[in-house]
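Asks:
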Amino acid sequence: MLNKFLTALTIGAMASTATATVNNVSFSQVDNSSALSGHITNDIAIDYTGQWDGSQLILSLTSGGIYQDNAGSDTAPNAAFFGFVPTLEFDTFITGGALVQGGITPGTAGGAVNLGGNPGATFSTSAIDIAWFPPGGSSGITNQTGFTVARITLTDDATGTFKFLASDGEIATWEDGVIANGVLGLGVVPEPASLMLLGIGGLGALARRRTAKS
């Protein structure tokens, strides 16, 4: 279910005058069998008009783990190293449209507070709680389809839940999801009671209205 709410604040340095609509959030699995057995690689992408101004993600596991390559970081990897470290291509990271270095390298704004996360970011082999945004407050890339904002690789026995949010600085769109056998999919997850109240260091609080679109 695609959900939207109005926000009064913005992530980090995002421009408050941005106008955009996130029309769709998609989750797709990538073939990683040539380099990384026993894992499932999931890409999160959005379709939007206007400009993307930031995202938040909380991922919590009850079993399994999150793949964090020893040669990687929390942003897109350098493709020049894939020949030496083939697993690096399937690292877990956040991004601004690109799966390798050379695109937008996002900044982080702590944890996903509007999804009930902590003020500080977590990006480990067991949990993710992070908010990120394009440098300078605006991606400058408008009207995109299939704009990748994260790659998440999990062990193929991973189970748990996740929440993902994308914003234009005024309207935020989020998905509640479940994880089964390492695959991110849509499902019903209880909302944190504080979702409509939080707003420190992340996407705005003070939600005034929410609409749902199936």
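Using our numbering, read the sequence shown as starting at 3 and increasing by one per residue. Here a beta-carbon is modelled for each residue, glycine too, at the ideal position from N, C-alpha and C.
Starting from V151, follow the beta strand (DSSP E) in both directions and report where the run begins and ends.
Replies: The residue you call residue 151 lines up with position 149 of the sequence shown. It spans T144 to T157 - the beta strand (DSSP E) in which V151 sits, taken as one unbroken run.
Asks: To the nearest angstrom, report how far apart Q31 and V185 are at their CA atoms.
Replies: As a working mapping, residue 31 is identified with position 29 in the sequence shown. As a working mapping, residue 185 is identified with position 183 in the sequence shown. If I take the Cα positions, the gap works out to 7 Å.
Asks: Suppose the cutoff is 6 Å on Cβ atoms and the five residues either side in sequence are ignored; what does the same chain contact list for L38 look like?
Replies: Here residue 38 is taken as the residue at index 36 of the sequence shown, counted from 1. Here the set comprises T89 and F92.
Asks: Contact between the segment 116-128 and the segment 165-178: three or more CB pairs below 8 Å?
Replies: At 8 Å Cβ cutoff, the stretches touch.
Asks: Examine chain C for any beta-carbon lying closer than 8 Å to the beta-carbon of I130, and answer yes or no.
Replies: The chain labelled as chain C is not found in the depicted structure, where only one protein chain is given.
Asks: By DSSP, does A100 sit in helix, in strand, or in coil?
Replies: Stepping through the sequence shown from its first residue, residue 100 is reached at position 98. Residue state, collapsed to three classes: coil.
Asks: Under 8 Å by Cβ, that's how I've got S35 and A129 pegged, so tell me the actual separation to the nearest angstrom.
Replies: On the sequence shown, position 33 is the one that residue 35 refers to. On the sequence shown, position 127 is the one that residue 129 refers to. That pair is no contact at about 26 Å.
Asks: Using DSSP's beta-bridge definition, name the partner residues of N44.
Replies: Residue numbering aside, residue 44 sits at position 42 when the sequence shown is read from its first letter. DSSP, once it has assigned bridges, lists Q31 and I154 as partnering N44.
Asks: Does N145 pass the burial test, meaning 16 or more other C-beta atoms within 10 Å, or should it be called exposed?
Replies: Translated into the one-based positions of the sequence shown, residue 145 becomes position 143. That one is exposed.
Asks: Classify N26 as helix, strand or coil using the three-state DSSP reduction.
Replies: Residue 26 sits at position 24 when you count from the first residue of the sequence shown. DSSP places N26 in strand when its eight states are reduced to three.
Asks: Give me the DSSP bridge partner(s) of A70.
Replies: By 1-based counting over the sequence shown, the position of residue 70 is 68. Note that residue 70 corresponds to Gln in the displayed sequence, not to Ala. Looking at the DSSP assignment, Q70 forms no beta bridge with any residue, so it has no partner.
Asks: Going by the beta-carbon positions, is the gap between F95 and G74 smaller than 8 Å?
Replies: If you number the sequence shown from 1, residue 95 lands on position 93. If you number the sequence shown from 1, residue 74 lands on position 72. Yes, the Cβ-Cβ distance between F95 and G74 is below 8 Å.
Asks: DSSP state of L117, grouped into three classes?
Replies: Translated into positions along the sequence shown, residue 117 becomes position 115. L117: helix per DSSP, three-state reduction.
Asks: What did DSSP end up calling T213 once you bin it into helix, strand or coil?
Replies: What you label residue 213 is simply residue 211 of the sequence shown in a count that begins at 1. The pLDDT assigned to T213 is 27, lower than 50, so where the model puts this residue is not dependable; a value taken from the coordinates is nonetheless given after this. It is a strand residue.
Asks: Using 7 Å as the cut-off, classify the Cβ of T64 as near or not near the heavy atoms of the ligand PLP, replying yes or no.
Replies: The model depicted lacks the ligand PLP and carries no ligand whatsoever.
Asks: Using DSSP bridges, identify the partner residues of W134.
Replies: Here the question's residue 134 lines up with position 132 in the sequence shown. Beta-bridge pairing links W134 to S57 and T110.
Asks: Put L63 into one of helix, strand or coil per three-state DSSP.
Replies: The residue labelled residue 63 in the question sits at position 61 within the sequence shown. DSSP places L63 in strand when its eight states are reduced to three.
Asks: Taking the Cβ atom as the reference point for each residue, do F135 and A111 lie within a distance shorter than 8 Å?
Replies: Residue numbering aside, residue 135 sits at position 133 when the sequence shown is read from its first letter. Residue numbering aside, residue 111 sits at position 109 when the sequence shown is read from its first letter. Contact flag set, yes.
Asks: Using 10 angstroms around the beta-carbon of T97, count the other beta-carbons present and answer buried if the total reaches 16, otherwise exposed.
Replies: Here the question's residue 97 lines up with position 95 in the sequence shown. It is buried - the Cβ of T97 has at least 16 other Cβ atoms within 10 Å.
Asks: Please report how far the alpha carbon of V102 lies from the alpha carbon of I42, in whole angstroms.
Replies: Position 100 of the sequence shown, counted from the first residue, corresponds to residue 102. Position 40 of the sequence shown, counted from the first residue, corresponds to residue 42. Each residue's Cα considered, the two are about 18 Å apart.
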